[in-house]
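One structure is given here, and the rest of the page talks about it.
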Amino acid sequence: MKVFASEHHMQHHAFELSRGRMIPSVESPERAHMIATQLEVEGFALSDGDCPDDDLLHRVHTEAYIEFLRTAWDRWQVEVGNAAPAMAISWPERSQPTRRPKHIVGQLGFHSFGADCSIVAGTWEAAFHAAGLAQSAADHVASGNGPAYALCRPPGHHATKDQFGGYCYINNSAIAAQRLVDRGHKCVAILDVDYHHGNGTQAIFYERADVLTASIHANPADEFPWFTGYADEEGAGAGRGCNINLPLPLGSGRDAFFDALVAALKEIETFGATALVIALGTDAFVDDPLGTFQLSTDDFFAIGERVSMLSLPVVSIQEGGYANAAIGANVSAYLRGLVG
Ligand code: SP5
Ligand code: ZN
């Protein structure tokens, strides 16, 4: 198992609006530190990644959005200053076509979908290099060198082609899948086991037939990201039938989760995927402060084992997981299950 990780993430420590109050984001630098420390203790060597290719970023996201992310902090400082986190206060209303404003405050609303996510001084650097880890992990796997894991922070699966939210800015799992396509895989699957629906990944590939997206998550009627993630969202146009949602009730345990996992893996086999991206959130863990599912550390080992049964080249990308005391053990259990 090749592990890609970098220190660039440490510059990103955002704030989030939580129950009416601004708090330091639950998505903290400590998360990646705990994972890296545990993996090193267990003997995994950590390698840095390349910078992501511009054209790869632009196949997943719009050029305007990438340019916005790159410059938003500096523009916010000119406009607002005092080193406060950059965050929207207005979002486009849904009932009529809307346009992209010029002003940074308006663009923050245009390019985001929630206030759990803000831009701080190091956000671009962290998100850019996280995408590079995903690209490098995909390159490693595409070259036939065995499985790879990218310790991406910030996470990515909520980010759409032109909007950040849910602690996500650049969609690292989508970057990995697109890289596998660009390296010759005609059918790639993304399986998202994060507790939350991978709405951004779904949106990016919704009309594409070359990337199957499948997500196991808490029912969006009761949980973030609230507005998508239902079972009847099947994809559209050429992508019809290439999106699978497996929403589960709040509080779901191992049995419900593994039934969904087996169903998703079966669909991935039927689809004929030649490579697989696992969007590895560990927030389905029983003690996760944001989740309600009941998975144990051993269950993450079993997820890895199940995934390995497909015998596909696998790129694993870190998504959520907020039980910092256990996050290292959960990730390493999954990786050990995967390699057998
Ligand atoms: C990648 C990922 O797992 N994103 C999840 C984003 C969820 N954001 C909304 C969570 C709101 C919880 N507020 C914090 C409560 C702290 N006690
Ligand atoms: Zn999550």
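Here the sequence shown stands for residues 1 to 340, numbered as in the working numbering. Glycine is no exception: its CB is placed at the ideal position from the N, C-alpha and C atoms.
>> For a test of your reading of the model: does the CB of residue 13 fall under 7 Å from any non-hydrogen atom of the ligand SP5? Yes or no.
In response: For the purposes of this step, residue 13 is taken as residue 13 along the sequence shown, with counting starting at 1. No; taking the cut-off as 7 Å, the Cβ of residue 13 has no heavy atom of the ligand SP5 nearer than that.
> Going by C-alpha distance, which of 194, 337, 332 is nearest residue 41?
Replying inline: Counted from its first residue, the sequence shown places residue 41 at position 41. Among 194, 337, 332, the Cα nearest to that of residue 41 is on 332.
> Taking C-alpha atoms, which residue in 116, 3, 313 lies nearest to residue 14?
Replying inline: The residue you call residue 14 lines up with position 14 of the sequence shown. Here the closest residue by C-alpha is 116.
>> What I want to know is whether the C-beta of residue 67 ends up closer than 7 Å to one or more non-hydrogen atoms of the ligand ZN.
In response: As a first step, residue 67 is located in the sequence shown; it is residue number 67 there, counting from the start. Flag unset: Cβ of residue 67 not near the ligand ZN.
> Can you give the Cα-Cα distance for residue 311 and residue 286, rounded to whole angstroms?
Replying inline: Numbered from 1 along the sequence shown, position 311 holds the residue referred to as residue 311. Numbered from 1 along the sequence shown, position 286 holds the residue referred to as residue 286. Residue 311 and residue 286: Cα-Cα distance of roughly 29 Å.
> Any idea if residue 155 is buried or exposed, counting beta-carbon neighbours within 10 angstroms, 16 or more meaning buried?
Replying inline: The residue given as residue 155 occupies position 155 in the sequence shown. Under this definition residue 155 is a buried residue.
> Which residues count as close to the ligand ZN when the rule is a CB under 5 Å from any of its heavy atoms, in chain order?
Replying inline: 194, 195, 196, 281, 283, 320
>> Are there any heavy atoms of the ligand SP5 lying less than 7 Å away from the beta-carbon of residue 331, as far as the coordinates show?
In response: The residue you call residue 331 lines up with position 331 of the sequence shown. No.
> Where do the ends of the beta strand (DSSP E) carrying residue 121 lie?
Replying inline: Working through the sequence shown from its first residue, we reach residue 121 at position 121. Looking at the DSSP string, residue 121 is not in any beta strand (DSSP E), and its letter there is neither H nor E.
>> Report the CB separation of residue 216 from residue 176 in whole angstroms; it is logged as a contact under 8 Å.
In response: Position 216 of the sequence shown, counted from the start, is the residue given in the question as residue 216. Position 176 of the sequence shown, counted from the start, is the residue given in the question as residue 176. Not a contact, Cβ separation roughly 18 Å.
>> Could you give the first and the last residue of the continuous beta strand (DSSP E) run that contains residue 192?
In response: Indexing the sequence shown from 1 puts residue 192 at position 192. Element bounds for residue 192: 188 to 192.
>> For residue 213 and residue 171, I'd like the C-alpha separation in whole angstroms.
In response: Here residue 213 corresponds to residue number 213 of the sequence shown, with the count starting at 1. Here residue 171 corresponds to residue number 171 of the sequence shown, with the count starting at 1. Taking the straight line joining both Cα atoms gives about 13 Å.
>> Across the stretch 126 to 141 and the stretch 78 to 96, are there enough close Cβ pairs to call them in contact, namely three or more that are closer than 8 Å?
In response: no
> Which residue comes first and which comes last in the beta strand (DSSP E) that contains residue 68?
Replying inline: One-based indexing of the sequence shown puts residue 68 at position 68. That residue, residue 68, is in no beta strand (DSSP E); its alpha helix (DSSP H) goes 63 to 79.
> What first and last residue would you give for the alpha helix (DSSP H) that runs through residue 243?
Replying inline: What you label residue 243 is simply residue 243 of the sequence shown in a count that begins at 1. Not the alpha helix (DSSP H): residue 243 falls in the beta strand (DSSP E), residues 243 to 248.
> Bridge partners of residue 294, per DSSP?
Replying inline: The residue you call residue 294 lines up with position 294 of the sequence shown. Bridge partners of residue 294: none, in fact.
>> When you compare the CB positions of residue 243 and residue 206, do they come within less than 8 Å of one another, or not?
In response: The residue you call residue 243 lines up with position 243 of the sequence shown. The residue you call residue 206 lines up with position 206 of the sequence shown. In contact: residue 243 and residue 206 (Cβ atoms closer than 8 Å).
>> Are the CB atoms of residue 201 and residue 192 within a distance shorter than 8 Å?
In response: Here residue 192 refers to the residue found at position 192 of the sequence shown. Here residue 201 refers to the residue found at position 201 of the sequence shown. Contact: yes.
>> Just to confirm, is the Cβ distance from residue 340 to residue 316 under 8 Å?
In response: Here residue 340 refers to the residue found at position 340 of the sequence shown. Here residue 316 refers to the residue found at position 316 of the sequence shown. Cβ atoms of residue 340 and residue 316: not closer than 8 Å.
> Can you list, in chain order, the residues of its chain whose CB lies under 7 Å from that of residue 264, leaving out five sequence neighbours each side?
Replying inline: Mapped onto the sequence shown, residue 264 falls at position 264. Cβ within range, chain order: 191, 214, 216, 244, 246.
>> Please identify the residue among 108, 93, 61, 62 whose C-alpha is closest to the C-alpha of residue 79.
In response: Sequence index remark: in the sequence shown, residue 79 carries index 79 (1-based). Among 108, 93, 61, 62, the Cα nearest to that of residue 79 belongs to 108.
>> Residues in the same chain with beta-carbon distance under 8 Å from residue 34, minus the five sequence neighbours each way, listed in chain order, please.
In response: What you label residue 34 is simply residue 34 of the sequence shown in a count that begins at 1. For residue 34, where only same-chain residues beyond five positions count, the Cβ hits under 8 Å are 324, 325, 327, 328.
>> If you reduce the DSSP assignment to three classes, tell me which class residue 230 lands in.
In response: Counted from its first residue, the sequence shown places residue 230 at position 230. Residue 230: coil per DSSP, three-state reduction.
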